[in-house]
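Heads up: the sequence shown is residues 90 to 790, going by the working numbering.
Even for Gly, the Cβ is constructed at its ideal location relative to N, Cα and C.
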Amino acid sequence: MNALPDAVRAARILIVDDNPVNVALLEDMLEIEGYDDVTGMTNPVAAVAAFEAQPFDLVLLDIRMPVLDGHAVIQRLRGILGGEGPLPVIVLTAQTDEETRMRALEAGVRDFITKPFDRAEAMHRIRNTLEVQALWRERRDQAKVLERVVETRTEELRVREAHLSSVLNNAPDIILTVDPQGRVSEVNPAAEAAFQAPAGDLHGRPLVELLALPARATDGTVECSARRLRGDEFPMECSISHMELEGETWLVLIGRDVTKRKMAEQEMAFLARHDPITELPNRTAVLSHLRGLLETDVPGVVFYVAIQGLRRIGDTLGHAVSEKLLRVAGERLEGARGGARMVGAWGGADFVVVCGEESGSPCCRGDAAAIAQSLRAAIEDPFRIDGNELALDCRVGMARFPADGAVAARVVQRAGLAVFAGRARADAGVTLFDPEMEEAVGRRHVLERELRHAVEREELRLLYQPKIDLGTGCVIGMEALVRWQHPELGLVSPAQFIPVAEETGVIVAIGDWVLREACRQARVWHDAGHKELVVAVNVSGRQFRVHDLTDRIRAALADAGLPPQALEVEITETAVMGDVSDAVRMLNEWHDMGVSVAIDDFGTGYSSLGYLRQLPLTTLKIDQSFVRDLPEGDTDRAVARTILQLAEVLDLKVVAEGIETPAHVDVLKGLGCHLGQGYHYARPLPPADFLAFLEAHTVEA
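Shown next, in the form of structure tokens:
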């Protein structure tokens with residue numbers, strides 16, 4: 090006997106026959122054959138119930154039974170199985186007629202066993218049926234597994250498709266698919282938005298109507314011009330992919346509108362070579378242009394246009410006004426350049442104009458000086474900005490190339506050096522570079538270097554110029570004036586070192602020293618019995634902007650033991666007008682301390698009566714430029730008279746500077762000015778000489 094396969098041996102077999110003998114016979118035969126799970130039943134109704142409770146792998150069913158025959162049992166079993174798979178039934182029958190067999194086969198039975206049983210035949214048929222059933226179940230299980238795999242894969246594909254659809258619909262990039270005929274097949278919403286057309290208007294449209302792609306575009310990223318249906322174009326960066334489907338080539342294009350990026354790139358490129366305020370070519374562009382002329386052996390002239398007064402206007406009226414003024418200045422230079430090739434913004438308030446001496450150019454005709462005067466006149470003509478009439482000073486330096494330099498930056502530097510040298514020499518405003526100017530610059534560098542150590546090396550000295558009562562000739566005070574006695578350079582003029590100190594910031598340290606030394610010396614004279622003396626100390630614009638200046642003044646007074654009433658601080662109206670609110674705060678602090686405040690060089694700045702009324706002032710000083718020509722100058726006399734009348738309205742004292750002749754004294758006294766200083770009375774004096782002068786003149790009680 091062949092061993093039964095495990096799947097067959099473990100099969101659950103149900104025997105249904107109303108004859109117990111047949112049931113027992115089959116049970117014995119099956120047990121001998123090796124089947125493990127055999128159930129025999131004589132009641133067909135109970136058998137159906139057992140099958141319904143737990144279906145069997147095979148039912149050996151008698152056809153002819155009372156109450157419920159085999160055909161009825163078959164129908165019920167089929168109902169229980171729901172028509173799934175073959176019916177696991179072998180009919181047991183003594184009937185051999187064809188009609189019974191056909192009826193059973195039509196009902197779906199698997200086989201027949203004829204009574205009386207032939208053991209070998211019966212076991213063979215049972216085993217074959219079970220093996221077929223096992224194979225069917227295996228195929229069914231495989232089909233179910235495959236079905237589950239298909240369902241899972243289908244769901245994955247559905248999720249992927251939904252995800253892909255969501256990505257395409259929400260992607261910020263433009264996505265187009267193009268069929269083998271070169272027509273648009275699919276577009277996403279981003280493409281609709283970019284081309285400003287619905288998908289229906291884009292589908293089927295030739296790609297060449299939408300994109301100007303390079304000929305024979307390969308996979309990769311390209312930049313191209315895209316065209317909307319209404320005709321306007323925009324730049325697009327596009328990634329191209331070729332895709333083979335069923336032997337045909339499709340295109341997938343993923344791109345984005347790069348209009349903003351292109352605009353930003355253009356703006357960056359513009360700003361890289363242009364000044365942001367004036368929009369003129371900047372230093373980089375100027376040097377590049379000049380290098381081009383030098384490399385092609387074209388001679389010419391560089392004009393360095395230095396504008397003065399812009400910072401003062403910015404400090405007084407605000408930087409918005411100064412920027413507008415700078416823009417208009419650039420426009421004026423553009424209009425005044427004549428045949429010059431380029432006007433560029435060099436930085437700050439400086440411009441550079443380049444004129445190549447090509448055939449027929451003004452520079453070639455020798456008109457460089459005329460161009461320089463034209464540039465200067467364009468700047469010095471009054472401006473009107475936001476209702477303000479504004480005046481600027483201008484100096485122009487010239488350097489020829491290649492005579493004054495074969496390197497672009499060197500030529501411009503020398504043109505700028507000509508401006509500096511011309512200012513130092515008080516030229517008319519236009520200066521041509523001279524090699525000796527570089528020596529002067531070297532001397533200035535030495536001056537700057539040495540000046541940084543002047544305070545610590547105790548090289549500074551104070552001189553005192555008396556302030557005089559014009560009616561009595563008595564000394565009422567003095568102005569402290571700093572001098573620099575260098576061990577090698579000798580006595581350096583304030584006109585030389587004060588501007589350098591202002592530019593470098595050393596003026597703050599110098600100003601602190603002057604303040605302390607003047608207070609100390611005044612205390613010495615107070616102790617000598619001259620307690621009515623008031624010492625005046627100048628505070629520069631840069632020093633005035635130091636945030637703790639009030640504390641420094643308070644410390645200088647305390648260290649010297651000098652009463653605040655014996656100190657007067659002189660400050661220019663330009664410095665005060667830089668930040669009026671801050672100036673009012675600081676001057677009120679001084680006033681509260683008892684320190685007097687004088688406006689120096691009054692009439693040369695931009696202050697107004699409204700601002701002056703806010704300031705706790707004690708004195709106005711008439712600038713010496715208005716005093717110099719008083720005896721003959723009607724205009725200067727009118728200015729002086731106006732200042733005196735203004736001071737009377739504001740209850741201020743007036744001190745006239747630069748009194749050099751008796752005629753000055755007479756005119757000033759006639760105008761009602763009672764106080765003054767100048768060489769007519771005394772030059773600035775060392776302390777010992779000042780004391781002698783003081784004792785020779787009775788101090789007003």
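What does DSSP give as the partner residue(s) for residue i in the beta ladder?
i	result
residue 338	333
residue 659	627 and 687
residue 147	102
residue 477	474
residue 712	Residue 712 pairs with nothing; no bridge assigned.
residue 215	DSSP, once it has assigned bridges, lists no residue as partnering residue 215.
residue 363	370
residue 179	149 and 200
residue 272	295
residue 327	311 and 344
residue 239	Residue 239 pairs with nothing; no bridge assigned.
residue 189	Answer is none; residue 189 lacks a bridge partner.
residue 434	440
residue 765	557 and 745
residue 579	575
In the DSSP assignment, find the unbroken alpha helix (DSSP H) run with residue i in it and report its ends.
i	result
residue 483	Here residue 483 belongs to no alpha helix (DSSP H); instead the beta strand (DSSP E) covers 482-490.
residue 444	No alpha helix (DSSP H) holds residue 444; the beta strand (DSSP E) holding it covers 439-445.
residue 645	638-649
residue 284	278-284
residue 558	Where residue 558 is concerned, there is no enclosing alpha helix (DSSP H), although the beta strand (DSSP E) it sits in stretches over 549-558.
residue 537	525-540
residue 783	776-785
residue 170	159-170
residue 415	408-425
residue 607	596-616
residue 267	Here residue 267 belongs to no alpha helix (DSSP H); instead the beta strand (DSSP E) covers 263-267.
residue 590	583-593
residue 669	669-682
Determine the contact status of residue i and residue j, defining contact as a CB-CB distance below 8 Å.
i	j	result
residue 159	residue 151	yes
residue 682	residue 643	yes
residue 472	residue 432	no
residue 123	residue 93	yes
residue 485	residue 465	yes
residue 201	residue 190	yes
residue 774	residue 552	yes
residue 687	residue 708	yes
residue 410	residue 429	no
residue 629	residue 657	no
residue 747	residue 717	yes
residue 564	residue 786	yes
residue 262	residue 344	yes
residue 701	residue 673	no
residue 720	residue 752	yes
residue 436	residue 372	yes
residue 362	residue 370	yes
residue 251	residue 277	no
residue 569	residue 603	yes
Which two residues bound the contiguous beta strand (DSSP E) that contains residue i?
i	result
residue 575	564-575
residue 200	200-203
residue 392	389-397
residue 154	First-last for residue 154: undefined, no H or E at that position.
residue 520	519-521
residue 459	Note, residue 459: premise wrong, no beta strand (DSSP E); alpha helix (DSSP H) at 457-469.
Just to check, is the beta-carbon of residue i closer than 7 Å to a non-hydrogen atom of the ligand GTP?
i	result
residue 475	No copy of the ligand GTP occurs in the structure displayed, which carries no ligand at all.
- Counting pairs of Cβ atoms below 8 Å between the region 169-182 and the region 193-209, do you hit three or more? Here the region 169-182 makes contact with the region 193-209; the two share three or more CB pairs at distances below 8 Å.
- Task: Answer yes if the region 395-408 comes into contact with the region 326-334, meaning at least three C-beta pairs across the two stretches below 8 Å, and no otherwise.
- Result: At 8 Å Cβ cutoff, the stretches do not touch.
- For the region 721-762, which segments carrying the alpha helix (DSSP H) assignment without a break, of at least 4 residues, lie completely within its bounds, in sequence order? Counting only runs of 4 or more, we get 723-739 and 751-760.
- Query: What are the start and end residues of each continuous beta strand (DSSP E) run of 3 or more residues lying completely inside the region 93-140, in chain order?
  - Reply: With a minimum length of 3 residues, the continuous beta strand (DSSP E) runs that stay inside the region 93-140 are 101-105 and 126-130.
- Message: Check whether the region 720-733 and the region 529-536 touch, using three or more Cβ-Cβ pairs below 8 Å as the test.
- Response: Contact fails: fewer than three Cβ-Cβ distances are below 8 Å.
- Query: Is there contact between the region 473-482 and the region 493-508, where contact requires at least three CB pairs shorter than 8 Å?
  - Reply: The region 473-482 is not in contact with the region 493-508.
- Task: Please determine if the region 92-108 and the region 126-144 are in contact, where contact requires at least 3 C-beta pairs separated by less than 8 Å.
- Result: As far as the Cβ criterion goes, the region 92-108 touches the region 126-144, which means the pair count is three or higher.
- For the 8 Å Cβ check, are there 3 or more pairs between the region 603-616 and the region 648-661? By the Cβ rule, the region 603-616 counts as touching the region 648-661, because three or more pairs are nearer than 8 Å.
- Query: Does the region 567-575 touch the region 589-608, meaning 3 or more C-beta pairs lie closer than 8 Å?
  - Reply: Output reads yes: the region 567-575 touches the region 589-608.
- Message: Below 8 Å, how does it come out for the region 222-231 and the region 290-308: are there three or more Cβ pairs, yes or no?
- Response: These segments do not touch.
- Three or more C-beta pairs below 8 Å linking the region 399-408 and the region 661-668: Counting C-beta pairs with one atom in each stretch, the region 399-408 and the region 661-668 have three or more that are closer than 8 Å, which means they touch.
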